[in-house]
Amino acid sequence: MFSWLPVPFSTHRTRFPQGQQDQPPLSSGRPPLWGLRGMMEALGFLKLEVNGPMVTVALSVVLLALLKWYSTSAFSRLEKLGIRHPKPSPFIGNLTFFRQGFWESQMELRKLYGPLCGYYLGRRMFIVISEPDMIKQVLVENFSNFTNRMASGLEFKSVADSVLFLRDKRWEEVRGALMSVFSPEKLNKMVPLISQACDLLLAHLKRYGDSGDAFDIQRCYCCYTTDVVASVAFGTPVDSQQAPEDPFVKHCKRFFEFCIPRPILVLLLSFPFIMVPLARILPNKKRDELNGFFNKLIRNVIALRDQQAAEERRRDFLQMVLDARHSASPVDVQDFDIVRDVFSFTKCKPNPSRQHQPRAMARPLTVDEIVGQAFIFLIAGYEIVTNTLSFATYLLATHPDCQEKLLREVDLFKEKHAAPEFCSLEEGLPYLDMVIAETLRMYPPAFRFTREAAQDCEVLGQQIPAGAVLEVAVGALHHDPEHWPSPETFDPERFTAEARRQHRPFTYLPFGAGPRSCLGVRLGLLEVKLTLLHVLHKFRFQACPETQVPLQLESTSALGPKNGVYIKIVPR
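Oh and the sequence shown: position 51 is 106 in the working numbering, straight run, nothing missing.
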């Protein structure tokens, strides 16, 4: 401990010439040697003591003090910003506040703390907004400062390479290249593929219609959307209901069953700077196997397509992405907002004035990025489309008057269009549009989404620090009685053409808004509309004693029915 002391001072006495006393002269200015010896002996005693249990005790006290400070050191930021929030617990923040699910807790946050509030998940601060003018500032007017979504760092590689999580300039390049994939002309080529999967769904539903038994239609929709994803996004037709052991079906199921154990989640939230890098580098057999399967599948399809002549290639989503991988984008960032166009009144009419000089990509889409776009199709198709179909079915079964009105529209449409196309579906089913829109208002599957602040800024007088995560509370916004009277009532009339014009902007956001709004909104709505059109042409939905009213909801990721949707279907 004191090894820095010179050896002569710590081991022996100084020697003087013969005849002199064995002691240093008083004029030397040094302390007497006996004093040094005594001091050394005392220090030696202390050294022995410090090396004993006292070291353990002292270090334990210091460690506990540091942990106590660390456990709450991140929890003063919201208060400094003047943002109300529930009281956080050490280390985990407000994790226990969300034990019932994010949907219920989002409503509770809005009720207790207002349209601008916040919470902590572990050490990460979230600022929650459900005020329309503030949302407009973040998503549109100040978009350059809120370009990126929050990323945890733990996403599957395939998901991290998707347009959902790409950042800054690379996101802009990839989004621009993919805009053409979701044009009405390209989507029209995918209608036959979706219809083929729908034919399989109808064949399976017929058995339930003939038997008259109650069943969980959500499970049927899960199988159906898996078939659509396999065919349209991965170029691999399957019948998941008939062949549940198909490798694609099994890996999809494993992907959606993948979850982080609660103890690990607590550690990740409490010590993100240690646990997140550790989780990235530690071997994870299940994660690596899933990544490897889908990556290999896409690479094999790409290799096959590259050997085929252009006219022989399947006209699916994957091929559209492959065609666009070298493309320059003629679309400017301010025109990335597909959602704005979808909910306008000029749906299938292109606007030539909004074409811009094509901008070359810094590099073509990589194979990993192509896999990423297919993965996002998988997530959106399986969760968003499945849950929207399930909720719409439940609402129609429990509101027979609305269902009867829709059935009349479906029958008239079928008389005019034996083989529906994209634009006829967009323009020829106004009441179905209203039913789907109201379903998405009541039960928005993507009921929360995030943006990160790149720099310090001010939004409507509220200071937002760089790096802050803003969460748009879509569920709370859609159930705000100030914007939607009697919000718990299913009323498709809210979405007539005239009623839409009266809506306050940025109060209806099932697909987000602004340049980073949902890129696949057209394809998702196409799949939902085409499915309901085909199913309702053959069957009527009927509530039964097994139908859960009201539905219990599950909201760990997307919003969905917790216990399925049990109904009966009646052949027409």
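The beta carbon of each residue, even a glycine, is placed where N, CA and C say it ideally should be.
Bear in mind that the values here come from a model prediction, so they are computed numbers and not experimental data.
According to DSSP, is residue i helix, strand or coil?
i, result
"Ser286", "helix"
"Glu543", "coil"
"Leu88", "Residue confidence is low: Leu88 scores 49 on pLDDT, short of 50, so the model does not pin down where it sits. No coordinate-derived value is stated."
"Ile249", "helix"
"Pro565", "coil"
"Phe303", "helix"
"Phe504", "strand"
"Ser207", "coil"
"Ser144", "strand"
"Pro239", "helix"
"Leu608", "strand"
"Gly137", "coil"
"Gly615", "strand"
"Phe311", "helix"
"Asp423", "helix"
"Ala298", "coil"
"Arg559", "coil"
"Val388", "helix"
"Asn200", "helix"
"Leu121", "helix"
"Ser185", "coil"
"Phe220", "coil"
"Cys13", "Outside the displayed range of the chain (56 to 627) lies residue 13, so it cannot be described from this structure."
"Thr66", "At Thr66 the pLDDT is 40, less than 50, meaning the model places this residue with poor confidence; the figure from the coordinates comes in the next sentence. In the structure shown, Thr66 sits in a helix (DSSP, three-state: H, G or I)."
"His381", "coil"
"Phe71", "Here the model assigns Phe71 a pLDDT of 40, short of 50, so the residue's position is not dependable and the matter cannot be decided."
"Ser115", "helix"
"Arg342", "helix"
"Leu337", "coil"
"Gln362", "helix"
"Ser325", "helix"
Between residue i and the ligand GTP, is the CB less than 7 Å from at least one heavy atom?
i, result
"Leu581", "What this structure holds is no ligand at all, so the ligand GTP is not there to describe."
Exposed or buried, which one is residue i when buried takes at least 16 other CB atoms within 10 Å?
i, result
"Trp124", "exposed"
"Gln155", "exposed"
"Lys224", "exposed"
"Val284", "buried"
"Ser199", "exposed"
"Leu121", "exposed"
"His381", "exposed"
"Ala429", "buried"
"Asp77", "Since pLDDT at Asp77 reaches only 48, below the 50 mark, its modelled position is unreliable, and the value read off the structure follows with that caveat. Label assigned to Asp77: exposed."
"Ser115", "exposed"
"Pro302", "exposed"
"Ala568", "buried"
"Thr448", "buried"
"Thr611", "exposed"
"Ser266", "exposed"
"Asp294", "buried"
"Phe477", "buried"
"Ala232", "buried"
"Pro500", "buried"
So which of the options has the shortest CA-CA distance to residue i?
i, options, result
"Pro143", "Trp158, Arg154, Thr127", "Thr127"
"Pro145", "Glu134, Gln597, Leu133, Ala129", "Ala129"
"Ile624", "Phe270, Pro540, Thr111, Glu227", "Phe270"
"Tyr174", "Gln161, His140, Lys166", "His140"
"Arg354", "Glu424, Pro247, Tyr449, Arg549", "Glu424"
"Glu553", "Phe398, Arg360, Val583", "Phe398"
"Leu323", "Arg132, Tyr563, Gly619, Gly148", "Gly148"
"Phe289", "Lys341, Arg369, Leu150, Leu194", "Arg369"
"Tyr168", "Glu300, Leu585, Leu133, Asp371", "Leu133"
"Arg496", "Asp466, Asp396, Leu532, Leu525", "Leu532"
"Thr280", "Ile434, His589, Ala509", "Ile434"
"Pro565", "Thr443, Phe545, Gln458, Tyr486", "Thr443"
"Met375", "Gly137, Arg179, Leu578", "Leu578"
"Asp254", "Met234, Pro239, Asp268, Cys275", "Cys275"
"Ile249", "Pro475, Gly522, Glu159, Lys135", "Pro475"
"Gly575", "Asn350, Gly208, Val440", "Val440"
"Gln557", "Arg571, His538, Phe545", "His538"
"Pro600", "Leu221, Thr453, Glu210", "Thr453"
"Phe313", "Glu210, Leu420, Glu196", "Glu210"
"Val287", "Ala365, Pro542, Glu481, Lys241", "Lys241"
Which residue or residues does DSSP assign as beta-bridge partners of residue i?
i, result
"Lys623", "Gln597"
"Phe270", "Ile622"
Check whether chain D comes within 8 Å of residue i, counting only Cβ atoms and requiring the distance to be less than that.
i, result
"Arg549", "Among the chains of the structure shown, chain D does not appear; only one protein chain is present."
**Secondary structure, alpha helix (DSSP H): runs of 4+ residues fully inside the segment 429–457** = 441–452
**Request:** Just list the beta strand (DSSP E) runs in the segment 146–183, keeping only unbroken ones of 3 residues or longer that don't cross its boundaries, in chain order.
**Result:** 171–176
**Item:** Segments assigned alpha helix (DSSP H), at least 4 residues, entirely inside the segment 457–543
**Value:** 477–482, 485–497, 529–533
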